[in-house]
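Engineer: What follows is a single structure, and I will ask about it in a moment.
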Amino acid sequence: MTTRPARTVSVSIDRAPDAVYRYLVDPHHLPTWAPGFATAVHREPAGWVAETAGGRFQVAFAPHNRFGVVDHRVTSDDGVDDTNPMRVIANGTGSEVLFTLFHPVGADDAAFEATLAVVASDLRTLKGVLESLEP
Numbered sequence: 001m002t003t004r005p006a007r008t009v010s011v012s013i014d015r016a017p018d019a020v021y022r023y024l025v026d027p028h029h030l031p032t033w034a035p036g037f038a039t040a041v042h043r044e045p046a047g048w049v050a051e052t053a054g055g056r057f058q059v060a061f062a063p064h065n066r067f068g069v070v071d072h073r074v075t076s077d078d079g080v081d082d083t084n085p086m087r088v089i090a091n092g093t094g095s096e097v098l099f100t101l102f103h104p105v106g107a108d109d110a111a112f113e114a115t116l117a118v119v120a121s122d123l124r125t126l127k128g129v130l131e132s133l134e135p
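Be aware that the sequence shown starts at 1, since it is given in full-length UniProt numbering, and climbs by one per residue.
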């Protein structure tokens, strides 16, 4: 058994956890809050597809749940897949959104750090979007 280095990035959002969760589990919102990943999202018979700078990816979210688990599996057209653990937890009357990124096998540290920066930027975008909506 082997493990990979991992880092968790988080952001505090001044919105109730259930509102943040409902927003995140709607795949239509991906291009709005995660422009570093998805430029467009659409539904196909086999599931959700995200158009990205790196190509098309199938996107499958964890089943709806009351625990704030928003894990999503992304699979490229050439079959490479990765699961992105993501959580929404209560933080006072607001929320904390946590996204864990595993160091990809074969990627150098600079590429991993660059991806972490994109994730952090996307989470800041999520915060801005949600805090600009009516509560």
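By construction, the Cβ of each residue, glycine as well, lies at the ideal position given by its N, Cα and C atoms. All of these numbers come straight from a predicted model, not from anything done at the bench.
Ends of the alpha helix (DSSP H) at Leu101?
Structural biologist: Note, Leu101: premise wrong, no alpha helix (DSSP H); beta strand (DSSP E) at Gly94 to Phe102.
Engineer: From Val59 to Glu51, what does the alpha carbon distance come to, in whole angstroms?
Structural biologist: When rounded, the distance between both Cα atoms is 10 Å.
Engineer: Does the distance from the C-beta atom of Pro104 to that of Ala110 stay below 9 Å?
Structural biologist: Not a contact, by the Cβ cut-off of 9 Å.
Engineer: If we count the other Cβ atoms within 10 Å of its Cβ and call it buried at 16 or more, is Leu133 buried or exposed?
Structural biologist: With fewer than 16 Cβ atoms within 10 Å of its Cβ, Leu133 is classed as exposed.
Engineer: Please classify Asp108 as buried or exposed, where buried requires at least 16 other C-beta atoms within 10 Å of its C-beta.
Structural biologist: That one is exposed.
Engineer: Going by beta-carbon coordinates alone, are Ala6 and Thr83 separated by less than 9 Å?
Structural biologist: No. Outside cutoff.
Engineer: Apart from the five residues just before and just after Asn91, which ones in its own chain have a Cβ nearer than 7 Å to its Cβ?
Structural biologist: Closer than 7 Å at Cβ, skipping near neighbours: Ser12.
Engineer: Can you tell me the Cα-Cα spacing of His29 and Pro35, whole angstroms?
Structural biologist: Cα-Cα distance, rounded: 10 Å.
Engineer: Inspect the beta-carbon positions of Trp48 and Pro27 and report whether they are closer than 9 Å.
Structural biologist: Yes; because the gap between Cβ atoms is below 9 Å, this pair is in contact.
Engineer: Buried or exposed: where does Ala38 fall if 16 or more other Cβ atoms within 10 Å of its Cβ makes it buried?
Structural biologist: It counts as buried.
Engineer: Considering only C-alpha positions, which residue in the set Ala114, Phe57 and Ser76 is nearest to His42?
Structural biologist: Comparing Cα-Cα distances from His42 to each of Ala114, Phe57 and Ser76, the minimum goes to Phe57.
Engineer: Shortest alpha-carbon distance to Gly94 belongs to which of Val80, Pro135, Thr3 and Thr125?
Structural biologist: Selected option, being the one with the closest Cα: Pro135.
Engineer: From the DSSP secondary-structure annotation, give me the bridge partner or partners of Thr78.
Structural biologist: The sequence as given places Asp at residue 78; Thr does not occur at that position. Per DSSP, none; premise fails for Asp78.
Engineer: With DSSP collapsed to three states, give me the class of Phe112.
Structural biologist: Three-state DSSP puts Phe112 in a helix.
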